[in-house]
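Under our numbering, the first residue of the sequence shown is numbered 1, with each subsequent residue one higher. No residue lacks a Cβ here, since even glycine has one placed at the ideal position from N, Cα and C. Every value quoted in this text rests on a predicted model; they were computed, and no experiment measured them.
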Amino acid sequence: MKTTGMIRKIDDVGRILLPKEMRRLLKINDGDPLEFIKDNDKIVLLKYQKHNTCIVTGKVSSQNMILSGGIVLSPEGARILLQDLLAERLKDDFEKTLGISRVL
Numbered sequence: 001m002k003t004t005g006m007i008r009k010i011d012d013v014g015r016i017l018l019p020k021e022m023r024r025l026l027k028i029n030d031g032d033p034l035e036f037i038k039d040n041d042k043i044v045l046l047k048y049q050k051h052n053t054c055i056v057t058g059k060v061s062s063q064n065m066i067l068s069g070g071i072v073l074s075p076e077g078a079r080i081l082l083q084d085l086l087a088e089r090l091k092d093d094f095e096k097t098l099g100i101s102r103v104l
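See the structure below:
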């Protein structure tokens, strides 16, 4: 994390002013929703991205993919899902080979 040297005080109702230069650099416009995330002893402020949360990992990232049906997966979530699907297919193939039927 890179320090900017910008320091602001919280006012009496808990507001913080985001410097204009910081808003310009991060493309944050008037009225844009922001999300607060607690990360251990830090507060992370992100431009809110509706429906960009991975359904497997819960992570929000610009690398997340929106697939058919609006399913959102992060690269890690896609890997986990693929592993689970392949494991399930191998299990089904193995059970078919042995003549075992599953009861749902």
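query                                                                                                                                                                       : result
Leaving aside the five residues before and after L45 along the sequence, list all residues of the same chain whose C-beta is less than 7 Å from its C-beta, in chain order. : L34 and F36
Could you tell me which of D11, M22 and E88 sits nearest to K2, measuring between CA atoms?                                                                                 : M22
Among R8, S68, I43 and K96, whose alpha-carbon lies nearest the alpha-carbon of K20?                                                                                        : R8
Tell me, please, which residues DSSP counts as bridged to F36.                                                                                                              : L45
Determine the DSSP secondary structure at I80, reduced to helix, strand or coil.                                                                                            : helix
How about L86 and L73: are their beta carbons less than 8 Å apart?                                                                                                          : no
Leaving out five residues before and five after D32 in sequence, what residues of the same chain have Cβ atoms less than 7 Å from its Cβ?                                   : K47
Using the beta-carbon count (16 or more within 10 Å), is N64 buried or exposed?                                                                                             : buried
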